[in-house]
């Protein structure tokens, strides 16, 4: 293990490993303090950033933060590293990579070609010496396009996951939220339910219901019930119509074990989804959720800072060619991300690092009531991620998730981003919205239809 | 609060009827593409109540006075988290007693040797509001059961800036066979005053959540005091019989209620009704 020394004026700082310099270089956040890996003060943090900037990228291939022998995620990262793709930047330091990413040489094509040549640790390292505007600017250059029944991630597009959760999974209550969302033009990334009950019977019933709604109204979207991958595999075995296979993942083998998964099990889930061949435009079908702090909360972080652990989860994700990856940034609570400032920065880091590694990133722009954050912070992060070219965000009724008890972006928030940034839904869904007479979008302006779509008017009439 | 629609209120929309199907904030209407003023301020109000609940100071003096009026002794302790700021960022500190508090409790135990069957702990947790509202009425219900069982109890231990696991240290120092901690849960947007109960058999420092049983959502709109006391009593009796708590102590009382409450979802709904 190498040690790194950096001198500022008369003060000399010593960092005893790459892991140590990365942790101390991380912009301040509560989770790293909780783990005891953060810099002791601001000056030490900047000294660590200066030391980190001078480290050659090639060094990351010889010093694993978590030993190869101990962790299958490290093995995945090393074994799948593309040396040819890496050649473009192999002569650079971390600081040199930042300069290169911001330069004209880094464009959509060269960044796509570079992605398999970067390890998550390299991406995390460079993000630690980037400001918010750097994270936005570089991410904005990158597009990661995926396909199932719709095309996600195209430039000038922003998709939403319609999240119609209900405290008791009542079908009519879920349907009410789905219709509300569709009538506000949400749901092109997916209609995805967090179930309140995790029994296989109720999961299958929800999957059947979503499939029936998508078919009945011919909606170019995909369905997901966010249950453990083993439950999804069981649903596939039972012949239940299942579009996207969900799983929460983290950046270390031990943290994944705490979720009851490993890489083999994810492969089984991926294969089960592929066996159904339900995508009409493509077969990206894994849906992963992540979030800074998950490894630490499982005491499975190996002394690695939480942002680097998070970025390692994207290496797990990209191995399975996912449809979408969602960093649920503010859900975990203030002991990991204390306030709006920390949540905003973390959301932008995750989006940048994911995109840089070739992962189709979305963000659950969210907070809990014990975090020092509010709607203004979420508006700020939403606007920044919209500018940065995020693939998708959540859409729920009035920002209030009545099942998970947290606040995330609303149907209206997505409309705000469309209006202000001129972002359209996925092209297939845009055409469906126009066909149904819900809304059209020209020059950024959203123009709603004058009347309810006849098919939905008929459904509402059934209520009596 | 004035519920009359104002001229800014644009909530009259064709799917307003759907609101009776879900407590979700649907059919809010729109002004342009944005939230109408009423919906916007309703949300802010709910969030403000939840935030205030998180930061409301624990009125331990008031609670101790009420306990004393009912003839109950109490002890006031403090966790190792010095204030709310530290409490929110350092869960590890909220799980341990402050040194001075630990000493105080040790002295109490020395003066009252022999241990007790049950130690009741009350901690502010993430909502002092929940503790203020529900502690006394719940304890009144629970006391009937405790008396009937003939269990010995320690004075009620109040812990300021406490988390669930602080009960392990309290229980260990008191030599308690069982602990139950009443603690304010993380406030939701529509539930700022939800009380949680965590039960542990043979408490000691270092136990994980796997050794605890939780009864959640005790509040007027949620689980009633009587039902919560009933479930807790069931757990305590079973724990005494089997000498354990946590994941290995299945809460049959709870399982039964849940199964009858929530049937497997039916497929029928208005979006899929017959034409």
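Residue numbers (my numbering), protein chains in the order written: chain A, 752 to 1215; chain B, 579 to 853. Glycine residues also receive a C-beta, built at the ideal position from the N, C-alpha and C atoms. Owing to the predicted nature of the structure, the values given are computational and were not obtained by experimental measurement.
* Would you decide whether residue 834(A) is buried or exposed? Buried here means 16 or more other CB atoms lie within 10 Å of its CB. => exposed
* Go to residue 1090(A), then tell me how far its beta strand (DSSP E) extends in each direction, as first and last residue. => It is not in any beta strand (DSSP E) - residue 1090(A) carries neither H nor E in the DSSP assignment.
* Under a CB-based cut-off of 7 Å, is residue 928(A) close to chain B? -> yes
* Would you mind reading off the limits of the alpha helix (DSSP H) that contains residue 616(B)? => 615-633
* Under 7 Å (Cβ pairs) to chain B, residues found in the stretch 944-968 of chain A -> 948, 952, 953, 956, 957, 959, 960, 963, 964, 967
* Asked: Contact between the stretch 931-950 of chain A and the stretch 1161-1176 of chain A: three or more CB pairs below 8 Å?
  -> yes
* To do: Step through the CB atoms of chain B and report whether any lies within less than 7 Å of the CB of residue 1065(A).
  => no
* To do: Taking only runs that begin and end inside the stretch 640-727 of chain B, name each unbroken beta strand (DSSP E) of 3 or more residues, in chain order.
  => 652-656, 694-701
* **Integer Cβ distance of residue 920(A) from residue 902(A), believed to fall under 8 Å** => Not quite, the Cβ-Cβ distance comes to about 30 Å (not below 8 Å), so this is no contact.
* Counted within 10 angstroms of its Cβ, other Cβ atoms place residue 1136(A) as buried (16 or more) or exposed -> buried
* Asked: Cβ of residue 744(B) within 7 Å of Cβ of residue 698(B)?
  -> no
* Asked: So which of 755(A), 766(A), 786(A), 764(A) has the shortest CA-CA distance to residue 1087(A)?
  -> 786(A)
* Asked: Would you call residue 1228(A) buried or exposed, if buried means 16 or more other Cβ atoms sit within 10 Å of its Cβ?
  -> In this structure chain A extends from 752 to 1215, so residue 1228(A) is not present and cannot be described.
* residue 815(B) bridges to which residues according to DSSP? -> Note: residue 815(B) sits in no beta bridge, so no partner.
* Asked: Does residue 810(B) have its Cβ less than 7 Å from a Cβ in chain A?
  -> no
* **C-beta neighbour in chain A for residue 832(B), strict 7 Å** => Its pLDDT being 48, under 50, residue 832(B) is placed unreliably in this model, and the value from its coordinates should be taken loosely. Closer than 7 Å: no.
* **Spatial distance of residue 1024(A) from residue 962(A) (CA atoms)** => 15 Å
* Looking at the unbroken beta strand (DSSP E) that takes in residue 779(B), where does it start and where does it end? -> 773-779
* If we cut at 7 Å on Cβ distances, does residue 1086(A) have a partner in chain B? -> yes
* Per DSSP, what kind of secondary structure is residue 989(A) in: helix, strand or coil? -> coil
* To do: Measure the C-alpha to C-alpha separation of residue 1054(A) and residue 770(A) and round it to an integer number of angstroms.
  => 8 Å
* Asked: Based on the DSSP secondary-structure assignment, which residues constitute the bridge partners of residue 757(A)?
  -> 764(A)
* Interface flag, residue 1016(A) vs chain B, CB-CB below 7 Å -> no
* **CA nearest to the CA of residue 978(A), picked from 945(A), 1006(A), 940(A)** => 945(A)
* To do: Step through the CB atoms of chain B and report whether any lies within less than 7 Å of the CB of residue 973(A).
  => no
* When the Cβ atoms of the stretch 633-651 of chain B are set against those of the stretch 708-723 of chain B, are three or more pairs found closer than 8 Å? -> yes
* Interface partners of residue 604(B) on chain A, CB under 7 Å -> 927, 928, 931, 1148
* Identify whether residue 913(A) lies in helix, strand or coil by the three-state DSSP scheme. => strand
* Asked: If we count the other Cβ atoms within 10 Å of its Cβ and call it buried at 16 or more, is residue 779(B) buried or exposed?
  -> buried
* Asked: Buried or exposed: residue 825(A), going by 16 or more other Cβ atoms within 10 Å of its Cβ?
  -> buried
* To do: Please confirm if the stretch 882-893 of chain A is in contact with the stretch 1114-1125 of chain A, defined as three or more CB-CB distances below 8 Å between the two stretches.
  => no
* To do: For residue 1118(A), write down the residues that DSSP places opposite it in a beta bridge.
  => 1158(A)
* To do: Hey, could you find the ends of the beta strand (DSSP E) residue 1038(A) is sitting in?
  => 1037-1041
* To do: Could you tell me which chain A residues have their CB closer than 9 Å to the CB of residue 740(B), listed as they occur along the chain?
  => Here the premise fails: no neighbours, minimum Cβ distance about 15 Å.
* To do: Look at the alpha carbon of residue 854(A) and the alpha carbon of residue 960(A), and state the distance between them as a whole number of angstroms.
  => 49 Å
* With a threshold of 16 other CB atoms inside 10 Å of the CB of residue 1169(A), please say whether the residue is buried or exposed. => buried
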